[in-house]
Structure formats: C-alpha cells, structure tokens
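Reviewing the structure listed below.
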Amino acid sequence: MNMETGILVATVLLWALGFLLLPRLRRPVATGAPATTRPVSVIVPARNEERNLPALLRSLAEQSARPREIVVVDDGSTDRTAEIARQWGATVIASQPLPDGWRGKTWACHQGAQAAAGPLLLFVDADTWFEPNGLSRVLSNYSGGALSVGPFHAVQKPWEDFSLFFNFNMTVGTVPDGLFGQMLLADLESYGRVGGHEAVKGRILENFWLAGRFRAAGIAVRSATGRGAFSFRMYPNGLGELIEGWTKGFASGAGQTPRGVLFLVVAWMIGLVFAPIGWAAMDHGLWWGSAYLACAAQVAWFSRHIGSFRRLTALLYPLPLLFFFVVFARSALRSGKQVSWKGRQIRAD
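Going by my numbering, 315 is the number at position 309 of the sequence shown; the sequence numbering is gapless.
Okay, structure coming up:
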C-alpha cells in the first residue's frame with residue numbers, strides 16, 4: 007500500500023467514524039400530550055431585541071399549551087424591546103444595574119426567576135420561537151430536574167450557513183445529558199437547590215456550568231434536539247455579529263465536551279479536510295472525488311437534523327469548515343480577554 011492509498015483509506019475510515027455521532031443528532035423532543043399540567047413561567051432575558059421578540063411572543067400566544075406568564079427582563083435596551091414586550095402582554099422587568107462579577111444574561115435570568123410565579127421556570131433566548139404545539143412537546147418530555155432543547159436553526163441569510171459546524175459541535179457536545187444555552191426548563195425547587203443563575207453569574211456559557219451543578223446535586227439533566235418544536239436564527243444581523251458571537255466562548259465550550267465525543271468530532275473533521283486536499287493534490291482523482299462527494303452527502307444528512315442549511319453549503323463544506331477553524335482559533339486566542347458583545351465589554355470564557 008503506497009502513501010496515497012493509505013491516506014485515502016484513512017479518510018474513508020474517519021468518514022465512517024462520523025456516523026457514530028449521528029444518534030446524538032437524531033434525538034428530537036417526543037410528540038404526545040404533555041406529561042404535566044403544572045403552570046410554566048417563561049423568562050426571556052432581552053437586550054435590544056426588538057427585531058427578535060415578536061416571533062417568540064407570537065409563537066407563545068399561538069401555543070395549545072399556554073404559559074402561566076411571560077416575564078421579559080429588559081437588560082438596559084436602547085430600542086423598543088420593552089414596548090414590544092408589553093404590546094404582546096408580557097410582564098416587563100427593567101433590569102437593575104449590572105453588579106460586579108455578573109454577566110448581563112445571568113443577571114437578567116436571576117431577576118426573572120425571582121419575579122416568576124413558577125412552579126416551572128422556562129428560560130428562553132429572545133431570538134428563539136416555538137413551532138405549533140412546540141411548547142406542548144417540550145413539556146411532554148419533562149419529567150423533573152433540568153431539560154434543555156437545542157433549537158433548530160432556521161437559516162435565512164447566506165452568512166448564516168457559516169454556523170453549520172458550530173451548530174453541529176454544539177449539538178453533539180450537548181445531547182443527551184447537557185444543557186443548551188438557548189433553553190432551560192427546571193422546577194423551582196431544583197433550580198434553587200443548585201443556586202440558580204447566581205451560582206454561575208460570571209460565566210458566558212452558563213449552560214455548561216449549570217449542567218455540572220445540577221449533576222453534582224444528583225438532579226437529572228436531559229437534552230434533545232428541537233426540530234419541529236423549537237427554532238431560532240443565530241446571529242442574523244451579519245457576518246460580524248456571527249464571528250463575535252461564536253468567538254466569545256466557543257473554545258471554552260468545546261473544552262466541556264465529553265472526551266469521547268470530542269475525539270470523534272476531531273477525527274471526523276480530519277477526514278473532511280483530507281478529502282478535498284486529496285482530490286486537488288493526489289493522482290487518483292476519481293477515488294478522491296468519490297470520497298469528497300461521500301463527505302458532502304454525509305454533511306448534508308447531518309445538517310438536516312440541526313438546521314435548514316442549504317444543500318450547496320454541504321457540497322461546498324470546506325468553506326464553512328475553514329471558517330469554523332479560523333473562528334475557533336480566534337476564540338481560543340481571545341479566551342480570558344476582553345471582547346465586545348451587545349454594547350458591553352466582557353471577558354471571554
């Protein structure tokens with residue numbers, strides 16, 4: 007076996023290893039009647055979210071399972087966030103000044119939890135929304151402890167396709183026993199036992215640290231994917247927002263990924279890198295071209311479970327993959343340094 011054949015065989019093997027990650031992508035929230043009829047308080051931390059809030063609040067108003075209350079914590083917005091929230095019937099809380107040691111989101115969630123009636127607390131980001139009967143599906147999966155659902159990425163603008171490998175890594179690194187940052191459902195008693203958001207007040211990726219606190223307290227942590235139930239648009243305001251958003255903590259979050267999963271992801275991505283390089287630089291173009299198309303088909307299959315990414319994006323996957331490597335390196339280099347996010351200077355995780 008010569009070197010080229012050996013590299014080709016390694017590429018195929020690494021491609022095959024990627025299928026071991028597929029079960030983590032294929033764990034959607036179940037359908038069926040809600041397992042609980044306990045009232046749920048929806049808490050939305052919001053800072054300059056006038057563009058995003060209407061979709062979320064409209065979706066909640068149209069649910070078959072209606073929340074007991076919707077609490078929007080206005081985190082120092084300079085736009086019409088508070089006005090829009092009130093128009094949709096939400097209770098608006100003006101956030102108190104940000105104390106030392108807190109992040110804006112954790113401080114807003116903490117204030118929302120203190121004001122909410124409970125007994126179930128559902129924290130959701132302002133750029134998410136529920137699909138028809140989505141809230142009912144989420145509640146049907148809740149059996150106590152902490153539950154999180156990874157939103158399905160509703161891709162609309164071309165630059166949003168560059169989030170493909172970030173979304174992939176976020177999903178496989180979280181499902182089935184982690185917490186997504188976009189949603190947390192917990193009963194008030196369990197939330198209080200772990201210290202709530204106050205216990206992770208200084209963290210950007212508070213979801214990772216909260217998951218650890220729940221597990222340490224012996225409280226069950228579960229997660230699923232949200233296709234057909236819970237959706238979002240991630241960083242819709244341009245490539246600059248997308249880069250800054252993923253930079254602020256992604257490298258730190260990758261460090262929280264289970265080691266076995268991280269090994270599989272790295273191995274799979276190495277195979278994805280080998281395929282286009284081999285096709286461009288090696289002699290057996292037909293073999294390498296076939297390997298490349300197999301990789302593109304696999305990326306397309308995986309991506310349909312996490313978002314509405316375009317087929318062309320999968321076919322040209324080296325571009326979002328290269329983007330992922332560059333932004334990941336930027337995130338690692340800026341870890342612990344000041345970054346700008348939503349008008350604030352924050353210290354990246």
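C-beta: ideal position from N, C-alpha, C; glycine also. All figures in this text were calculated on a predicted structure; none of them were measured in a lab.
When you compare each of W165, R72, T11 and G24 to L175 by their alpha carbons, which one comes out closest? What sits at residue 175 in the sequence shown is Asn, not Leu. Nearest neighbour of N175 by Cα position, chosen from W165, R72, T11 and G24, turns out to be G24.
May I ask which residues mark the beginning and end of the beta strand (DSSP E) holding E75? Residues E75 to D80.
As a quick exercise: from R221, G201, E195 and G156, pick the residue whose alpha carbon is nearest that of M189. G156
Local Cβ density within 10 Å of G187, reported as buried at 16 or more and exposed below that: buried
With distances taken between CB atoms, is the gap from A287 to C301 smaller than 8 Å? no
For L127, which three-state DSSP category applies? Reduced to three states, the DSSP call for L127 is strand.
Within a Cβ cutoff of 6 Å, which residues of the same chain sit near V79, ignoring the five residues on either side of it in sequence? P51, I99, S101, A114, Q117 and G118
Look at the alpha carbon of L185 and the alpha carbon of G251, and state the distance between them as a whole number of angstroms. If I take the Cα positions, the gap works out to 18 Å.
Nearest CA to the CA of T253: which residue from W293, Y241 and T263? Y241
For V83, which of G110, T319, R64 and T177 has the nearest alpha-carbon? Reading off the sequence shown, one finds Ser at residue 83, where the question assumed Val. Taking only the C-alpha atoms, the option nearest S83 is G110.
Could you name the residues of the same chain whose beta carbon sits closer than 6 Å to that of P324, not counting the 5 residues immediately before and after it, in chain order? P282
Report the residue from F334, M9 and E10 whose alpha carbon sits nearest the alpha carbon of N173. F334
Suppose the cutoff is 8 Å on Cβ atoms and the five residues either side in sequence are ignored; what does the same chain contact list for R86 look like? For R86, where only same-chain residues beyond five positions count, the Cβ hits under 8 Å are E56.
Local conformation of W347 per DSSP, three classes: Because the pLDDT at W347 is just 48, under 50, the model does not fix this residue reliably, and the value given afterwards should be weighed accordingly. W347 carries a strand assignment under DSSP once its states are collapsed to helix, strand and coil.
Can you look up M288 in the DSSP assignment and give me helix, strand or coil? coil
Cβ-based neighbour list, W165, same chain, cut-off 7 Å, excluding 5 preceding and 5 following: G244, L245 and L248
Residues near G291 by beta carbon distance below 7 Å, same chain, minus five either side: The beta carbon of G291 sits closer than 7 Å to the beta carbons of W285 from its chain, once the five residues preceding and following it are set aside; these are given in chain order.
Straight-line Cα distance separating G107 from R317: 44 Å
From the DSSP secondary-structure annotation, give me the bridge partner or partners of M189. Answer is V130, bridged to M189.
From the DSSP output, read off the bridge partner residues of R109. Partner(s): none; R109 has no beta bridge.
Quick one: is T319 buried, meaning 16 or more other Cβ sit within 10 Å of its Cβ, or exposed? buried
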